[in-house]
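Counted the way UniProt numbering counts, the sequence shown spans residues 1 to 232.
Worksheet: one structure, shown below.
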Amino acid sequence: MSREEELRLSLGRVRERIAAAATAAGRDDAVGLVVVTKFFPGSDVRILSGLGVTDVGENRHQEAEAKAAECAGLDLRWHFIGGLQSNKAAAVAAYADVVESVDRAKLLAPLARGAQERGRPLEVLLQVSLDPPSAHGSRSGVAPDDLAALAERAAATEGLVLRGLMAVAPLGEDPAEAFDRLAQIRAGFLTDHPGATVLSAGMSGDLEQAVAAGATHVRVGSAVLGSRPQVP
Ligand SMILES: *Cc1c(COP(=O)(O)O)cnc(C)c1O
Numbered sequence: 001m002s003r004e005e006e007l008r009l010s011l012g013r014v015r016e017r018i019a020a021a022a023t024a025a026g027r028d029d030a031v032g033l034v035v036v037t038k039f040f041p042g043s044d045v046r047i048l049s050g051l052g053v054t055d056v057g058e059n060r061h062q063e064a065e066a067k068a069a070e071c072a073g074l075d076l077r078w079h080f081i082g083g084l085q086s087n088k089a090a091a092v093a094a095y096a097d098v099v100e101s102v103d104r105a106k107l108l109a110p111l112a113r114g115a116q117e118r119g120r121p122l123e124v125l126l127q128v129s130l131d132p133p134s135a136h137g138s139r140s141g142v143a144p145d146d147l148a149a150l151a152e153r154a155a156a157t158e159g160l161v162l163r164g165l166m167a168v169a170p171l172g173e174d175p176a177e178a179f180d181r182l183a184q185i186r187a188g189f190l191t192d193h194p195g196a197t198v199l200s201a202g203m204s205g206d207l208e209q210a211v212a213a214g215a216t217h218v219r220v221g222s223a224v225l226g227s228r229p230q231v232p
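Printed below as a string of structure tokens:
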């Protein structure tokens, strides 16, 4: 089977899962698909684009930058979904259309500067941590208690457009429970920012639960592209 045939089939299966989940949740709005292409070559991105994929996600700056350059000319929106260092943020804004992993105020100024250099506003999502509160630990995502303050600052930053929230279900917890929490956090957030309606949640293993909890976008990697090489 050619790679194109392989991707056509897996993409079709993922689209069916998303549609079935939306139906099961009684939703008739469209749920967007961001295909996470990290670790996979630009040639796969090109095939996906030919199969109608419009949005791709990457989580490492150098890889994303190179792939976006290689795939320039394809009609794609690039989502940056990985942990972000503030000294890389402006560079990410140079190719990303959406940065989904904004989790602290320190990122806002460099993202805005990068967007300004590029000459257009940058869409951002705030990544909310669904991890249990703990004193230590390397959570990624803003703590729910700190979300309102971060959102206020993001919304007030010229050059950035606050579009909504992103989250990853914690390991070792039923994703349905985690996403229920997310839905509640989002409800509060939307009263302050009614236009920021995007909710990016759900991956290969838990997209059904995310769609049930109101995700407007799912981020799916391995179910489309196959398993990734082991990260060292
Ligand atoms: C890798 C990644 C995904 C996709 O994960 P799969 O399980 O391969 O679908 C989604 N979101 C984020 C933030 C990721 O890093």
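Don't be surprised by glycine CBs; every beta carbon is placed ideally from N, CA and C.
Let me see if you follow: with CB-CB separation under 8 Å, is residue i close to chain D or not?
{"i": "residue 172", "result": "As a matter of chain content, chain D is missing from the structure shown, which is built from one protein chain."}
Does the distance between the C-beta of residue i and the nearest non-hydrogen atom of ligand 1 fall short of 7 Å?
{"i": "residue 178", "result": "no"}
{"i": "residue 18", "result": "no"}
{"i": "residue 38", "result": "yes"}
{"i": "residue 223", "result": "yes"}
{"i": "residue 104", "result": "no"}
{"i": "residue 220", "result": "yes"}
{"i": "residue 129", "result": "no"}
{"i": "residue 185", "result": "no"}
{"i": "residue 81", "result": "yes"}
{"i": "residue 205", "result": "yes"}
{"i": "residue 56", "result": "no"}
{"i": "residue 161", "result": "no"}
{"i": "residue 87", "result": "no"}
{"i": "residue 168", "result": "yes"}
Can you give me the start and stop residues for the beta strand (DSSP E) that residue i sits inside?
{"i": "residue 199", "result": "198-200"}
{"i": "residue 127", "result": "122-127"}
{"i": "residue 77", "result": "77-80"}
{"i": "residue 162", "result": "160-166"}
{"i": "residue 219", "result": "217-220"}
In the DSSP assignment, the alpha helix (DSSP H) including residue i goes from what residue to what residue?
{"i": "residue 146", "result": "Per DSSP, residue 146 belongs to no alpha helix (DSSP H) and is neither H nor E."}
{"i": "residue 97", "result": "Counting along the chain, residue 97 falls outside any alpha helix (DSSP H), and DSSP gives it neither H nor E."}
{"i": "residue 181", "result": "175-192"}
Report yes if the CB atom of residue i is closer than 8 Å to the CB atom of residue j, and no otherwise.
{"i": "residue 158", "j": "residue 112", "result": "yes"}
{"i": "residue 213", "j": "residue 182", "result": "yes"}
{"i": "residue 103", "j": "residue 140", "result": "yes"}
{"i": "residue 47", "j": "residue 7", "result": "yes"}
{"i": "residue 31", "j": "residue 22", "result": "yes"}
{"i": "residue 77", "j": "residue 45", "result": "no"}
{"i": "residue 58", "j": "residue 38", "result": "yes"}
{"i": "residue 147", "j": "residue 178", "result": "no"}
{"i": "residue 165", "j": "residue 128", "result": "yes"}
{"i": "residue 186", "j": "residue 171", "result": "no"}
{"i": "residue 119", "j": "residue 93", "result": "no"}
> Is the stretch 14-32 touching the stretch 60-78 in the sense that three or more CB pairs, one from each, lie closer than 8 Å?
Replying inline: By the C-beta criterion, the stretch 60-78 is judged not to be in contact with the stretch 14-32, since fewer than 3 inter-stretch pairs fall below 8 Å.
> Can we say the stretch 180-192 touches the stretch 220-231, given the rule of at least three CB pairs closer than 8 Å?
Replying inline: no
> Below 8 Å, can you find three or more Cβ-Cβ pairs linking the stretch 109-128 to the stretch 138-157?
Replying inline: yes
> What are the complete beta strand (DSSP E) segments, minimum 3 residues, inside the stretch 17-66?
Replying inline: 32-36, 55-58
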